[in-house]
Amino acid sequence: MMTEVGQTIIRHRIAWVNRRRAASHSRRDRMCYNCRVSSIECIPNVSEGRRADVIAIVVAAIRAVPGIRLLDQSADADHHRSVFTMVGDATALKAAVLELFAAAIPMIDLRRHRGAHPRIGAVDVVPFVPLGDTPLAACAALAREVGRAVADRFGVPVYLYEAAADDPDRRRLEELRRGQFERLSERMDDAAGRPDFGPSAPHPSAGACAVGARGPLIAWNVNLATPDHDAAREIARQVRESTGGLPCVKALGVWLADRHVAQVSMNLTDYRTTSLATVMARIRAEAARLGVGIAGSELIGLIPEGALEAVDLDQLGLPRFPDDQILERRLEG
Numbered sequence: 094m095m096t097e098v099g100q101t102i103i104r105h106r107i108a109w110v111n112r113r114r115a116a117s118h119s120r121r122d123r124m125c126y127n128c129r130v131s132s133i134e135c136i137p138n139v140s141e142g143r144r145a146d147v148i149a150i151v152v153a154a155i156r157a158v159p160g161i162r163l164l165d166q167s168a169d170a171d172h173h174r175s176v177f178t179m180v181g182d183a184t185a186l187k188a189a190v191l192e193l194f195a196a197a198i199p200m201i202d203l204r205r206h207r208g209a210h211p212r213i214g215a216v217d218v219v220p221f222v223p224l225g226d227t228p229l230a231a232c233a234a235l236a237r238e239v240g241r242a243v244a245d246r247f248g249v250p251v252y253l254y255e256a257a258a259d260d261p262d263r264r265r266l267e268e269l270r271r272g273q274f275e276r277l278s279e280r281m282d283d284a285a286g287r288p289d290f291g292p293s294a295p296h297p298s299a300g301a302c303a304v305g306a307r308g309p310l311i312a313w314n315v316n317l318a319t320p321d322h323d324a325a326r327e328i329a330r331q332v333r334e335s336t337g338g339l340p341c342v343k344a345l346g347v348w349l350a351d352r353h354v355a356q357v358s359m360n361l362t363d364y365r366t367t368s369l370a371t372v373m374a375r376i377r378a379e380a381a382r383l384g385v386g387i388a389g390s391e392l393i394g395l396i397p398e399g400a401l402e403a404v405d406l407d408q409l410g411l412p413r414f415p416d417d418q419i420l421e422r423r424l425e426g
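Heads up, the sequence shown is in the working numbering, so the first residue is 94 and it goes up one at a time.
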């Protein structure tokens, strides 16, 4: 149950967002926006997947920014995480990310946060992805600019990752998340673990944030027909690249308490190198070896249309063709 103080904070926050949105509405209506040319996609991940009122405030903060299109949002209670997909130019996206931080930080306290997904921050990760003729270098430059602004304005330490990272040892997001929020102080005590921007100590409640630039990524979860967490971990170990599995695949075995199932949670960083079908074939083989079945799968956020070309949806365990999750179709809408 939310306390009376918490409810008051949220009411004030909603009123603030509504005032900002009203002030910018007429300007937004006058804008001419073509998201298919020289634009950038941004997919912030926020460590809140259970409180609908908090998520609604974050959504309103994003939508209040002129020049931003919020294409998709999803929340997962077990992962305790929400994913937002927005597009715009560099100026609009920087403003939207800062507004998102301003909305999220007062309402999310990682000291009381528990979820299946690894996290280091209230706003955990902010990737920028090039669209159209936008070069990846432009996204990397934007990530550095936004990262510095976040650290300066909110006192949140920021790590740069993937194409935005100056240090090659920091390119991998999973390495930055190792130890999660609970071990951030220990990480930052070591000079090698200090952030790129901001203080060398975690924000007390908001932790840190990873800001980066990368190519398209597919977030995909496969649910097992078993509550056996160890089975999910073993399948993830066999699938992910870092432990000798498939190239361009990152995977974790997680336990979903609400659904009472184990899950293989994955990111495919290059579906042209390793397709959804290839990954599922390996998962089915490993599951059969362990004597467990596949209950189905789910795509998180938006995916490139090419990732589903000539794919058997039944083989992937998808309940339907995800028309509303195809990036190109949402951009055209």
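Cβ coordinates follow ideal geometry from the N, Cα and C atoms, glycine included.
Measure the CB-CB distance between glycine 291 and glycine 248 and report whether it falls below 8 Å.
Contact check for glycine 291 against glycine 248 passes: the beta carbons are separated by less than 8 Å.
Looking only at its chain, what residues have a beta carbon closer than 8 Å to the beta carbon of leucine 409, apart from the 5 residues adjacent to it on each side?
Contacts found: Leu369, Ala370, Met373 and Ser390.
What first and last residue would you give for the alpha helix (DSSP H) that runs through phenylalanine 194?
First-last of the alpha helix (DSSP H) with phenylalanine 194: 183-197.
Drop a sphere of 10 angstroms on the beta-carbon of aspartate 171, count the other beta-carbons inside from all chains shown, and report buried for 16 or more, exposed for fewer.
With 16 or more Cβ atoms within 10 Å of its Cβ, aspartate 171 is classed as buried.
Just checking, does the region 321-335 make contact with the region 349-364 on the three C-beta pairs under 8 Å criterion?
Touching, yes, given that three or more Cβ pairs across the two stretches are closer than 8 Å.
Among Asp363, Asp260, Ala256 and Pro211, which has the Cα closest to the Cα of cysteine 341?
When C-alpha distances from cysteine 341 are compared across Asp363, Asp260, Ala256 and Pro211, the shortest belongs to Asp363.
Contact between the region 306-313 and the region 347-355 is defined here as three or more beta-carbon pairs at a separation below 8 Å; is this criterion met?
No contact exists between the region 306-313 and the region 347-355.
Element boundaries [alpha helix (DSSP H), containing proline 267]
The residue you asked about is not proline; residue 267 is glutamate in the sequence shown. Per DSSP, glutamate 267 is one residue of the alpha helix (DSSP H) stretching across 266-269.
Have a look at glycine 305 and proline 288 and give me their C-alpha separation to the nearest angstrom.
About 13 Å.
Would DSSP call arginine 280 helix, strand or coil?
In the structure shown, arginine 280 adopts helical secondary structure according to DSSP, grouped into three states.
Could you give the DSSP three-state label for isoleucine 136: helix, strand or coil?
DSSP places isoleucine 136 in coil when its eight states are reduced to three.
Does threonine 178 come out as helix, strand or coil in the three-state DSSP assignment?
Three-state DSSP puts threonine 178 in a strand.
Is the region 260-271 touching the region 225-245 in the sense that three or more CB pairs, one from each, lie closer than 8 Å?
No, they do not touch.
Can you tell me which of the three DSSP states histidine 296 falls into?
Here histidine 296 sits in strand by DSSP.
Among Phe221, Leu163 and Ala209, which residue has its Cα nearest to the Cα of histidine 353?
It is Ala209 whose Cα lies nearest to the Cα of histidine 353.
Counting only the same chain and skipping the five closest in sequence on each side, list residues whose C-beta sits under 6 Å from that of leucine 392.
Excluding residues within five positions, the ones whose Cβ falls inside 6 Å are Trp313, Pro415 and Gln418.
Threshold first: 3 residues or longer. Then list the beta strand (DSSP E) segments lying entirely within the region 349-409, N to C.
Fully enclosed beta strand (DSSP E) runs of 3 or longer: 354-361 and 387-393.
Candidates Ala299, Arg212, Gln166 and Ile155: closest to leucine 193 by CA position
The residue among Ala299, Arg212, Gln166 and Ile155 with its C-alpha nearest the C-alpha of leucine 193 is Ile155.
Tell me the DSSP secondary structure of proline 288 in three-state form.
Looking at proline 288 - three-state DSSP - the assignment turns out to be coil, as it is neither helix nor strand.
Whole angstroms are fine: how far does the CA of glycine 386 sit from the CA of leucine 164?
One C-alpha to the other measures close to 34 Å.
With DSSP as the reference, label proline 211 as helix, strand or coil.
Note: proline 211 maps to coil in three-state DSSP.
CA-to-CA distance, glutamate 379 to aspartate 182, given in whole angstroms
Each residue's alpha carbon lies about 43 Å from the other.
Please name the residue in Ala153, Ala381, Val139 and Gly240 whose C-alpha comes closest to that of lysine 187.
Distances from the CA of lysine 187 to each of Ala153, Ala381, Val139 and Gly240 were compared; the closest alpha carbon is that of Gly240.
Around the Cβ of aspartate 405, are there at least 16 other Cβ atoms within 10 angstroms (buried) or fewer (exposed)?
Looking at its Cβ environment, which holds fewer than 16 other Cβ atoms inside 10 Å, aspartate 405 is exposed.
Where do the N-terminal and C-terminal ends of the beta strand (DSSP E) with threonine 305 fall, by residue?
Sequence inspection shows glycine at residue 305; the threonine mentioned does not correspond to that position. Taken as a continuous stretch (DSSP letters only), the beta strand (DSSP E) holding glycine 305 covers 302-306.
Status (buried if at least 16 other CB within 10 Å, exposed otherwise) for alanine 116:
No answer about alanine 116 holds up, because its pLDDT of 45 lies below 50 and its placement is not dependable.
Between valine 139 and aspartate 217, how many whole angstroms is the CB-CB distance? I'm expecting something under 8 Å.
Going by Cβ atoms, the distance from valine 139 to aspartate 217 rounds to 7 Å, so yes, they are a contact pair.
Whole-Å CB distance - valine 176 paired with serine 132, under 8 Å assumed:
Their Cβ separation, rounded to whole angstroms, is 19 Å, which puts valine 176 and serine 132 out of contact at 8 Å.
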